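Residue numbering for the sequence shown follows our numbering, beginning at 18 and increasing consecutively.
For reference, the structure discussed in these notes is given below.
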Amino acid sequence: MNLQKNASLKKNILSKIAECRICLEVVRPPVCQCEAGHVVCKSCFDEMDLKECSICNRPVSSAKNVVLEQLLEGISSQTPVKCEYATRGCTFSFTAAHKDNHERDCRFRPFQCEGNVFAGWKCDWVGSYSDIQNHFKTAHKNNESMEFKTEVCVDINFRLNFRDVDVVSFFNGQAYFYYKHFVDARKEKLYWAFQFIGLKCKADSFYYEFEVYGGPIRKFKVSELCYNDTTNIEDIFELEKCVVMSFTTARNFVNNDGKLPIRFRIKKVRNDH
18 MNLQKNASLK KNILSKIAEC RICLEVVRPP VCQCEAGHVV CKSCFDEMDL KECSICNRPV
78 SSAKNVVLEQ LLEGISSQTP VKCEYATRGC TFSFTAAHKD NHERDCRFRP FQCEGNVFAG
138 WKCDWVGSYS DIQNHFKTAH KNNESMEFKT EVCVDINFRL NFRDVDVVSF FNGQAYFYYK
198 HFVDARKEKL YWAFQFIGLK CKADSFYYEF EVYGGPIRKF KVSELCYNDT TNIEDIFELE
258 KCVVMSFTTA RNFVNNDGKL PIRFRIKKVR NDH
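Quick look at the structure:
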């Protein structure tokens with residue numbers, strides 16, 4: 018019997034003896050148990066705000082069922098499970114230990130407008146990965162249209178905090194990135210970062226080259242790795258794992274129109290080994 022069938026058999030047996038009476042799935046630790054032995058996920062029990070067992074009406078103990086939880090953890094570590102977003106198109110399967118991390122980054126999860134999340138725009142859009150770029154094009158038309166290789170002049174107001182975000186297409190939609198720009202008037206610094214939209218393991222395959230320039234010779238250049246979109250952008254800025262430029266340096270590159278010329282290119286990391 019192969020491992021897949023063996024794990025499935027174990028799960029089927031367990032579901033018959035340890036089924037949550039609320040969600041009707043195999044109970045998930047921590048486990049609650051009533052005086053008669055009926056079990057239920059603690060999260061389900063709390064969510065339903067129950068005071069007693071839904072089967073026999075006996076009191077439910079707060080004591081942990083250590084043996085059952087250890088059995089569940091042992092089987093879960095070997096049993097492949099589907100992503101929560103399988104019905105939306107995700108085909109990944111993994112052990113329970115990796116489920117939360119995957120679903121947090123899954124490309125098939127619902128997305129909020131990143132302009133609302135990062136820049137504070139008043140936009141309540143929620144949609145799928147495939148609709149993100151179109152949303153920016155239709156709802157936020159004033160933003161720059163960016164590709165993986167872009168050259169543009171940006172307005173900088175050194176007196177006010179400012180945040181901007183846009184979607185960058187990599188080779189006609191093979192991948193998408195968030196371009197994020199932050200003007201911090203208190204620290205007198207400018208920040209730029211690019212975040213891959215999707216799984217962290219795939220974000221590690223990309224980096225970006227960023228340049229502020231003033232004519233053919235004077236340049237401020239940075240190369241940096243891409244993080245994925247669920248990585249806290251405030252941590253990226255705070256740790257300066259991005260492009261960081263002081264106001265003093267930036268003013269030396271402002272052109273005659275009062276704008277800052279920048280160009281960037283997103284690239285795939287070469288694996289020569």
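Backbone N, C-alpha and C fix where the C-beta goes; we use that ideal spot for every residue, glycine too.
Quantities reported herein were computed from a predicted structural model and do not represent experimental measurements.
Check, Outcome
"Using only the alpha-carbon positions, how far apart do R180 and H198 sit?", "6 angstroms"
"Quick check on the burial criterion: 16 or more other C-beta atoms within 10 angstroms. Buried or exposed for I72?", "exposed"
"Give a yes or no on whether the C-beta atoms belonging to L67 and A35 are separated by under 8 angstroms.", "no"
"Who does D172 pair with in a DSSP beta bridge?", "K276"
"The alpha helix (DSSP H) spanning T219 covers which residue range?", "Here residue 219 turns out to be Lys, not Thr, going by the sequence shown. First-last of the alpha helix (DSSP H) with K219: 217-220."
"Where V171 and N160 are concerned, what is the direct C-alpha to C-alpha distance, given to the nearest angstrom?", "11 angstroms"
"I need the DSSP call for L67, collapsed to helix, strand or coil.", "coil"
"E255: which of K285, V239, A210, F237 sits nearest, CA to CA?", "A210"
"Identify every run of the alpha helix (DSSP H) within the segment 79-135, keeping only runs that are complete inside it and at least 4 residues long; order them along the chain.", "83-93, 113-122"
"Just list the residues that DSSP pairs T167 with in beta bridges.", "F281"
"Around the Cβ of D183, are there at least 16 other Cβ atoms within 10 angstroms (buried) or fewer (exposed)?", "buried"
"Along the chain, where does the beta strand (DSSP E) that runs through K236 open and close?", "235-242"
"Look up E42 in the DSSP assignment and say whether it is helix, strand or coil.", "coil"
"Between the segment 112-129 and the segment 185-202, do three or more beta carbon pairs fall short of 8 angstroms?", "no"
"Between the segment 239-247 and the segment 269-280, are three or more C-beta pairs nearer than 8 angstroms?", "no"
"Compare the C-alpha of F281 against each of E228, R235, V260, T265 and name the closest.", "E228"
"Output the distance between the C-alpha atoms of R126 and S147, rounded to the nearest integer angstrom.", "11 angstroms"
"Distance, Cα to Cα, C37 vs R75?", "16 angstroms"
"Quick one: what does DSSP say A35 is sitting in, helix, strand or coil?", "coil"
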